[in-house]
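> If you read the protein sequences in the order shown, they are chains A and B.
The first sequence begins at 357 in the working numbering and counts up by one.
The second sequence begins at -14 in the working numbering and counts up by one.
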Amino acid sequence: MYFTLWEIKGLKNRIQELRRERRMTQEELAAGCQVTRQTIISLEGGRYNPSIFLARKIARIFGLAIEQVFIFEEDEP
Amino acid sequence: MKYAKRQLLFFICYLAVGGLLIAAALLWAPAGQRTGIAAGLAGGFLVTGTGGVILSARLLKNPEKATQTEMAKTEERTRFLREKTQSAVYSVSTMLVSAGTIAAMICGNRDIALAFSALLVAEVVLYICLGAHYAKKY
């Protein structure tokens, strides 16, 4: 069995939580990352995992490190 | 903007091909069937080209929408979806052509079965060659 970059299982993200904390809309986050709002919706719903470049952009917008936004389930306490 | 300009250029080429085909249709007047084929192709090219040019020109007038459209066309999720769709279509088309080959053989249509088989062989050869190329590249 193989997974593409976008199909890594067991990867969670805190995008929705962090976005709400900062009172940002999906549209604003999408514009900041130069992606469509649909991509943000898919990311928040856990249906799509981003490339390392998009993950870095998102983490930078929130002012956090990538691993603080995207969490591998095996790394969870 | 780059995307809209590229699209405009692409559809202008379409119109040019349509114009050439109309000229060919007129020059080939005694050729009968060829005239019909050229005129039909020209019609298709001209309609697509005109529609494309109008849409691209409208997009060029609205830079904000042009940027949004370009982003939507090139962002990573769109590319991912495109690749996934193309891969699925390839798998299904291979199965359909295989089924078609078997059906044509059972029905005794030798020419159709041979054409489908040639298509299948070409697909498999391309798959292997491109697979080897990408394996070397990445």
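Positions of the beta carbon are idealized from the N, C-alpha and C atoms, including for glycine.
1) In chain order, what residues of the same chain lie with their CB nearer than 8 Å to the CB of ILE427(A), ignoring the 5 residues before and after it?
2) Do the segment 36 to 47 of chain B and the segment 58 to 70 of chain B touch if we need at least three Cβ pairs shorter than 8 Å?
3) Determine whether the Cβ of GLU55(B) lies closer than 8 Å to any Cβ atom of chain A.
4) Below 8 Å between beta carbons is the criterion; list the residues of the segment 375 to 396 of chain A that meet it against any residue of chain B, in chain order.
5) Measure how close the beta-carbons of SER102(B) and THR79(B) come, nearest whole angstrom, since I'm counting them as under 8 Å.
6) Taking 8 Å as the threshold (C-beta atoms), are GLU383(A) and ARG376(A) in contact?
7) Look at the alpha carbon of ILE7(B) and the alpha carbon of ALA(-11)(B), and state the distance between them as a whole number of angstroms.
8) Can you grab the Cα-Cα spacing for the pair VAL106(B) / SER83(B), in whole Å?
9) When the cut-off is 8 Å and only beta carbons count, does GLU60(B) lie next to chain A?
For this structure:
1) Counting from one through the first sequence, the residue named residue 427(A) turns up at place 71. Counting only residues of its own chain and dropping the five nearest sequence neighbours on each side, ILE427(A) has a CB closer than 8 Å to the CB of LEU367, LYS368, ASN369 and ARG370.
2) Cβ pair count under 8 Å is below three, so no.
3) Walking along the second sequence from the start, residue 55(B) turns up at place 70. Between GLU55(B) and chain A, the shortest Cβ-Cβ separation is not below 8 Å.
4) Those residues of the segment 375 to 396 of chain A that come within reach of chain B (Cβ to Cβ, closer than 8 Å) are GLN390, VAL391, THR392, GLN394 and THR395.
5) By 1-based counting over the second sequence, the position of residue 102(B) is 117. By 1-based counting over the second sequence, the position of residue 79(B) is 94. About 12 Å separates the beta carbon of SER102(B) from that of THR79(B), a gap too long to meet the 8 Å contact definition.
6) As a first step, residue 376(A) must be located in the first sequence, where it is residue number 20. As a first step, residue 383(A) must be located in the first sequence, where it is residue number 27. No, Cβ-Cβ distance for ARG376(A) and GLU383(A) is not below 8 Å.
7) The residue given as residue 7(B) occupies position 22 in the second sequence. The residue given as residue -11(B) occupies position 4 in the second sequence. ILE7(B) and ALA(-11)(B): Cα-Cα distance of roughly 27 Å.
8) Mapped onto the second sequence, residue 106(B) falls at position 121. Mapped onto the second sequence, residue 83(B) falls at position 98. VAL106(B) and SER83(B) have their C-alpha atoms some 10 Å from each other.
9) Position 75 of the second sequence, counted from the first residue, corresponds to residue 60(B). It does; some Cβ of chain A falls within 8 Å.
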